[in-house]
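Before any comments, here is the structure.
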Amino acid sequence: MALIELDNLTRFYRLGGETVKALDGVSLAIDAGEFVAVMGPSGSGKSTFMNLVGCLDRPTSGAYSLDRQEMSRRNADELAYVRCHQIGFVFQQFNLLDRLDALGNVEMPLIYAGVERRLRRDRAAAALTRVGLGDRLHHRPTELSGGQQQRVAIARALVNAPKVLLADEPTGALDSRTSLELMALLQSLNREGTTIIIVTHEADIATYAARLIRFLDGKVMSDANQRMVDAAEALKALTASAAMEKVA
Amino acid sequence: MTPYDAILSALDALRLHKLRSALTMLGIIIGVGAVIAMIAVGGGAREMVVAQIRSLGANLLVVIPGNVTQGGVRLGFGAASTLTEDDAAAIAKEVAIVQVTAPFMRGGAQIVAGGQNWATVVYGVDLGWFDAREWEVESGRLFEPEEIARGMQVALIGETVAKNLFGTADPLRETIRVRNVPFTVIGVMAKKGQSTFGQDQDDVVLLPLAAARQRVLGRNLANARAVGSIYVKVREGESLTQAEEEVKALLRQRHRLQPHQEDDFSVRNLAEISATREASARTLALLLAAVAGVSLAVGGIGIMNIMLVSVTERTREIGLRVAVGARPRDIRRQFLIEAASLAAIGGLVGVAIGVAAAYVIANAAGWPLLIETRAIVLAVAFSGLVGVFFGWYPALRASRLDPIEALRHT
């Protein structure tokens, strides 16, 4: 059985007397260890899809199971538990708290998981080291670059060892080089076994995933595996060409 | 989330807006400060009144000569000496609930001893007076019954007089001249301190009633048995009001007053006088309580206001916390603890200010400073409750935010 299974999942809203079909009968399965990119124009349902998979929202009808557990009929506290232990979120705007240092931000999910204080520090520090910020533990978000801030956010998403990492436009606020670095980091996490789903509107970012799902009008328009471009290689090539330009 | 983590996180959030937090606390600070000052002042005043009643002698009535009309001229209370030693004896004998009566007279006099002189108050008293006032000698001895009966020239002096006339020397068996009449000092009275009216009760010379009347205070009195006033001590547990009624009736009869005539004496209840002072202290305390109540309410509303602003400002933070696994109740608790911390810190500062204010008031009014730990604990706990009460609605709003909307909030 797949890690994520959606069966005829729908999500309707009432908006000014009209019913908006944000998600209209989506069925798909994602296995553990996959790296999926989700694309689609705005209003196509990709955000609704992410919110439902991330247990931030509940479907109008249909079934959703995560790791063989049915999620569509859970109450708010149970969904909070699932978000806490099985899901990691990364946002376009990072959403770090400026008043906390990197360590404090990464620690936050562990607080809600009820992890004891000293253990929390250690695990947060380990997660930050994993994303290459072992020397920036006590920097505040305002003292970090955009790419570094997004790495802190990824460390925060990983710190509870989730089943799946959900990233909504993770490179949306980053320049192309930093975007590449970030994709390289996500790919290396994926190689270590983390299941990753990213939403993006940039086609080149989507090429770094191994599977591309396109949404349109609340339905899956296409869903295909693809050759995964190695972001680390692309980064090397970019560095080389930049050096060439400099020489020329 | 453990309570410890929650409190740390709340303090973190409050530190972020120091000025705002301080201003928000102001209402609570004033409220709690007023409560603490109120309790300390009220308690101190009550303590003082109780002590004063005790120093005066408990269960005491004073009978003083009344106003008399002489040829159309109405003289005020105490102007005529209408009371006699026989009145006192009659009261003691006829009114069953009276324990003891003490006729006495009182007047100012210059005292000379050795090279020193001192103006003080002279009392002519009998032995009942010491019972009524519940006053004992510190050194030396009380009057002997014979000395009272024969009006012998012996004196007891208060501590203030002893200090001023003799300094550190022993006044016993020394001779003092009261209006040039020599008396031998036989004892020094125990220290009593200030009276309800702020007089120094130790600035006094006590003489046997007959000696005082014939040689010092009453040389011009028409009636050789006349006295200035009479203390009436009522038995423990008996009603002062009832005693007052019976004494009045008896004296009207003895003075042969017709029903249409006014009393030529007046009975005063010292506890009542003290109660008046206590009542004014209570009024002050009530006033402070009103101020405290109003400013705690206003402070609470201020906290609610700031917490609502804070919830709006931190909408994204709330969304994020929900996304990483906070339950609605975790969010609610976080904001409740913030509101309660705000109020409780305000409460602590208020306690400090209240104690300082109580100290200043007690000093100015000459009251003892009485600060109860219980009051402090109560005040801080209560201000925390104010925070919880007024923080409830903002916290509830925070916990009900839709995380998807909240994360999109700019």
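Here the protein sequences line up with chains B and P, keeping their order. Take the position in the first sequence, starting the count at 1, then add 347; the result is the number in our numbering. Take the position in the second sequence, starting the count at 1, then add 3; the result is the number in our numbering. Built from N, CA and C at the ideal position, the CB exists for glycine as well. It should be emphasised that the depicted structure is a prediction, and the values quoted were computed from it without experimental measurement.
Tell me the rounded alpha-carbon separation between residue i and residue j.
i, j, result
"I560 (chain B)", "L410 (chain P)", "24 Å"
"Q261 (chain P)", "M155 (chain P)", "39 Å"
"I407 (chain P)", "A578 (chain B)", "30 Å"
"V314 (chain P)", "G36 (chain P)", "29 Å"
"I501 (chain B)", "Y459 (chain B)", "17 Å"
"A82 (chain P)", "I160 (chain P)", "Unreliable placement is indicated for A82 (chain P), whose pLDDT of 49 sits below 50; the coordinate value is still reported in the next sentence. Approximately 27 Å, taken between the alpha carbons."
"G117 (chain P)", "G170 (chain P)", "12 Å"
"S391 (chain B)", "M397 (chain B)", "12 Å"
"I434 (chain B)", "L29 (chain P)", "43 Å"
"F146 (chain P)", "E177 (chain P)", "16 Å"
"G296 (chain P)", "L290 (chain P)", "10 Å"
"L241 (chain P)", "A347 (chain P)", "Residue identity check: residue 241 (chain P) is Glu in the sequence provided, not Leu. For E241 (chain P) and A347 (chain P), the distance between alpha carbons rounds to 49 Å."
"L505 (chain B)", "L532 (chain B)", "12 Å"
"L450 (chain B)", "H485 (chain B)", "6 Å"
"Q583 (chain B)", "S526 (chain B)", "Before going further, note that residue 583 (chain B) is Lys rather than Gln in the sequence given. Their backbone Cα atoms lie some 13 Å apart in a straight line."
"P148 (chain P)", "A378 (chain P)", "52 Å"
"G111 (chain P)", "L209 (chain P)", "12 Å"
"G328 (chain P)", "D564 (chain B)", "30 Å"
"A48 (chain P)", "Y362 (chain P)", "13 Å"
"E341 (chain P)", "L447 (chain B)", "17 Å"
"A215 (chain P)", "L287 (chain P)", "43 Å"
"E592 (chain B)", "E381 (chain B)", "37 Å"
Does the distance from the CB of residue i to the CB of residue j come in under 8 Å?
i, j, result
"S419 (chain B)", "R405 (chain B)", "yes"
"V383 (chain B)", "A556 (chain B)", "yes"
"I94 (chain P)", "S269 (chain P)", "no"
"Q119 (chain P)", "N167 (chain P)", "yes"
"P517 (chain B)", "Q439 (chain B)", "yes"
"G143 (chain P)", "V191 (chain P)", "yes"
"A427 (chain B)", "V453 (chain B)", "no"
"P106 (chain P)", "V219 (chain P)", "no"
"L443 (chain B)", "Q495 (chain B)", "no"
"T5 (chain P)", "L345 (chain P)", "no"
"G390 (chain P)", "A343 (chain P)", "yes"
"L585 (chain B)", "R524 (chain B)", "yes"
"V157 (chain P)", "P174 (chain P)", "no"
"I31 (chain P)", "S386 (chain P)", "yes"
"K510 (chain B)", "D371 (chain B)", "no"
"D129 (chain P)", "L212 (chain P)", "yes"
"K195 (chain P)", "W121 (chain P)", "no"
"V184 (chain P)", "V125 (chain P)", "no"
Among residues of its own chain, excluding the 5 on either side of residue i, which ones have a beta-carbon nearer than 6 Å to its beta-carbon?
i, result
"S402 (chain P)", "P331, I334, R335"
"G322 (chain P)", "P406, A409, L410"
"A292 (chain P)", "M41"
"R467 (chain B)", "E454, L457"
"R430 (chain B)", "C402"
"A514 (chain B)", "V437, I545"
Kindly list, in the order they appear in chain P, the residues whose Cβ is closer than 9 Å to that of residue i.
i, result
"M418 (chain B)", "Those do not exist, as M418 (chain B) stays about 14 Å from chain P at its closest Cβ, beyond 9 Å."
"F436 (chain B)", "L323, A326, V327, L410"
"R446 (chain B)", "D15, A16, R18, L19"
Looking only at its chain, what residues have a beta carbon closer than 7 Å to the beta carbon of residue i, apart from the 5 residues adjacent to it on each side?
i, result
"A326 (chain P)", "P406, L410"
"E239 (chain P)", "N62"
"S412 (chain B)", "E352, M418"
"A376 (chain B)", "A349, I351, E352"
"V98 (chain P)", "A246, E249, V250, L253"
"S298 (chain P)", "G30, I33, G34, A37"
Please go through the same chain and pick out, in chain order, the residues whose beta-carbon is closer than 8 Å to the beta-carbon of residue i, but skip the five residues on each side of it.
i, result
"V576 (chain B)", "T554, Y555"
"V237 (chain P)", "N62, L63, L64, I100, V101, Q102, L243, A246"
"R228 (chain P)", "T87, E88, D89"
"I552 (chain B)", "A384, T518, S526, M530, I545"
"T104 (chain P)", "A91, A92, I94, A95, G131, A135, I233, Y234, V235, K236"
"E141 (chain P)", "E162, G190, V191, M192, A193, K194"
Is the closest heavy atom of the ligand PLP to the C-beta of residue i under 7 Å?
i, result
"V230 (chain P)", "Looking at this structure, you won't find the ligand PLP or any other ligand, since it has none at all."
Any beta carbon from chain A within less than 8 Å of residue i's own beta carbon?
i, result
"A401 (chain P)", "The chain inventory of the structure shown lacks chain A, comprising the protein chains B and P."
Using a Cβ cut-off of 8 Å, pull out every chain P residue sitting near residue i, in sequence order please.
i, result
"A423 (chain B)", "R330, P331"
"R430 (chain B)", "V325, A326, V327, G328"
"A369 (chain B)", "Ordered by position in chain P, no residue passes the 8 Å Cβ test against A369 (chain B), which lies about 11 Å from the chain."
List, in order along the chain, the chain B residues whose C-beta lies closer than 7 Å to that of residue i?
i, result
"I407 (chain P)", "N398, L403, D404"
Residues of chain B with CB closer than 9 Å to the CB of residue i, please, in chain order.
i, result
"E320 (chain P)", "N442, L444"
Determine which residues of the region 455 to 466 of chain B have a Cβ less than 8 Å from any Cβ of chain P, and write them out in chain order. The region 455 to 466 of chain B vs chain P, Cβ under 8 Å: M455, P456, I458, Y459, A460, G461, R464.
Return the residues of the region 399 to 415 of chain B that lie within a Cβ-Cβ distance of less than 9 Å from chain P, sorted by chain order. Hits within the stretch, in order: G401, L403, D404.
What residues from the region 359 to 383 of chain P come within 7 Å of chain B, judged by C-beta to C-beta, listed N to C? Taking 7 Å as the Cβ-Cβ cut-off, the region 359 to 383 of chain P has no residue approaching chain B.
Against chain P: residues of the region 513 to 536 of chain B by CB proximity under 8 Å: For the region 513 to 536 of chain B, which is checked against every Cβ of chain P, not one residue is closer than 8 Å.
Taking Cβ-Cβ distances below 8 Å as the criterion, which residues of the region 569 to 583 of chain B are in contact with chain P? Against chain P - using a Cβ distance shorter than 8 Å - the region 569 to 583 of chain B contributes no residues.
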